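So the protein lines, in turn, are chains A and B.
According to this note's numbering, the stretch in the first sequence is residues 1 to 212, in order.
According to this note's numbering, the stretch in the second sequence is residues 213 to 222, in order.
Ideal placement from N, C-alpha and C gives every residue a C-beta, glycine not left out.
Quick caveat: nothing in here was measured; it's all calculated off a predicted structure.
Please read the structure below before turning to the comments.
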Amino acid sequence: MNIFRLTGDLSHLAAIIILLLKIWKTRSCAGISGKSQILFAIVFTTRYLDLLSSFISLYNTSMKVIYIGCAYATVYLIYMKFRATYDGNHDSFRVEFLVVPVGGLAVLINHDFSFLEILWTFSIYLESVAILPQLFMISKTGEAETITTHYLFCLGLYRALYIVNWIWRYYFEAFFDLIAIVAGVVQTILYCDFFYLYVTKVLKGKKLSLPA
Amino acid sequence: EYNIFGHDEL
Numbered sequence: 001m002n003i004f005r006l007t008g009d010l011s012h013l014a015a016i017i018i019l020l021l022k023i024w025k026t027r028s029c030a031g032i033s034g035k036s037q038i039l040f041a042i043v044f045t046t047r048y049l050d051l052l053s054s055f056i057s058l059y060n061t062s063m064k065v066i067y068i069g070c071a072y073a074t075v076y077l078i079y080m081k082f083r084a085t086y087d088g089n090h091d092s093f094r095v096e097f098l099v100v101p102v103g104g105l106a107v108l109i110n111h112d113f114s115f116l117e118i119l120w121t122f123s124i125y126l127e128s129v130a131i132l133p134q135l136f137m138i139s140k141t142g143e144a145e146t147i148t149t150h151y152l153f154c155l156g157l158y159r160a161l162y163i164v165n166w167i168w169r170y171y172f173e174a175f176f177d178l179i180a181i182v183a184g185v186v187q188t189i190l191y192c193d194f195f196y197l198y199v200t201k202v203l204k205g206k207k208l209s210l211p212a
Numbered sequence: 213e214y215n216i217f218g219h220d221e222l
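Right under this line is the structure:
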């Protein structure tokens, strides 16, 4: 474990908690893409199946349980409890265009052709594009609530910090996982235009609104 | 790289 991975995990945890609290406190999931949240629930489920089979550390296991729990709680709040506030018309990204190619790629390019490893690879590839429905929804509505932009910033920052963690592990632990690195770079690149808007608008106290 | 104990990152 290194400081970059730890702050990355904490940034990821913060994002998940921010979103959950935003929906719970405002009793509304306006502006939130339920499709992205379903994809994240799938990402955690397929990646953490080893919860039952391999124990790495208390930290590792507890974080996995928290991530999975919060992901399903968020999906529940969006599609069940506060479904009246779910903006289905703007959450119209065709996720099958993500899941199918990612599934195919996971079967073709992986470290080991075993069930758990293909699911882990699927999860890594899916996570890199899971935010697209959310970014697409913001481009369609032309704006995002400030709390949602903080959620997205923490979520984008987490994988950017993981990239630094991989650089660190390459030099100090000779650890190198090309699949995770390539997917992580793609994932972080997808946030670049959001990061630009976040820094130039939200951090200056303006509302994030796209030229519609 | 992939080790027999699976992946140690979240």
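Can you say whether residue i is buried or exposed, counting buried as having 16 or more other CB atoms within 10 angstroms of its CB?
| i | result |
| --- | --- |
| A/Asp50 | buried |
| A/Ala38 | Reading off the sequence shown, one finds Ile at residue 38 of chain A, where the question assumed Ala. So A/Ile38 counts as buried. |
| A/Arg5 | buried |
| A/Leu21 | exposed |
| A/Val129 | buried |
| A/Asn89 | exposed |
| A/Ala174 | exposed |
| A/Glu143 | exposed |
| A/Ile3 | exposed |
| A/Val65 | exposed |
| A/Tyr171 | exposed |
| A/Gly184 | buried |
| A/Pro211 | exposed |
| A/Ser11 | buried |
| A/Cys250 | With chain A represented from 1 up to 212, any question about residue 250 of chain A goes unanswered, as that position is not in the structure. |
Less than 8 Å between CB atoms is the rule here; does residue i satisfy it with respect to chain B?
| i | result |
| --- | --- |
| A/Cys63 | It is worth fixing the name first, because residue 63 of chain A is Met in this sequence and not Cys. Judged by the 8 Å Cβ criterion, A/Met63 is in contact with chain B. |
| A/Trp120 | yes |
| A/Asn60 | yes |
| A/Arg159 | no |
| A/Ile109 | no |
| A/Ile56 | yes |
| A/Arg5 | yes |
Return the first residue and the last residue of the alpha helix (DSSP H) that residue i is part of.
| i | result |
| --- | --- |
| A/Pro133 | Leu132 to Thr141 |
| A/Phe55 | Taken as a continuous stretch (DSSP letters only), A/Phe55 belongs to no alpha helix (DSSP H), as it is neither H nor E. |
| A/Ile42 | Gly34 to Arg47 |
| B/Leu222 | From DSSP, B/Leu222 is part of no alpha helix (DSSP H); its letter is neither H nor E. |
| A/Lys22 | Ile3 to Thr26 |
| A/Asp177 | No alpha helix (DSSP H) holds A/Asp177; DSSP gives it neither H nor E. |
| A/Tyr191 | Careful: A/Tyr191 lies outside any alpha helix (DSSP H) and carries neither H nor E. |
Would you verify that the beta carbon of residue i is, or is not, closer than 8 Å to some beta carbon of chain A?
| i | result |
| --- | --- |
| B/Glu213 | With a pLDDT of 45 at B/Glu213, under the threshold of 50, the modelled position of this residue cannot be trusted; read the value that follows with caution. Yes, because at least one Cβ of chain A sits closer than 8 Å to the Cβ of B/Glu213. |
Would you say the beta carbon of residue i comes nearer than 7 Å to a heavy atom of the ligand FMN?
| i | result |
| --- | --- |
| A/Ala130 | No copy of the ligand FMN occurs in the structure displayed, which carries no ligand at all. |
Taking beta-carbon pairs under 7 Å, can you tell me which members of the region 9-20 of chain A lie near chain B? Here the close residues are Asp9.
My parser needs the beta strand (DSSP E) runs of 3 or more residues fully inside the region 139-170 of chain A; what are they? Counting only runs of 3 or more, we get nothing.
May I have a chain-ordered list of the alpha helix (DSSP H) segments no shorter than 4 residues that lie completely inside the region 54-139 of chain A? Here the runs fully enclosed are 58-76, 96-108 and 115-129.
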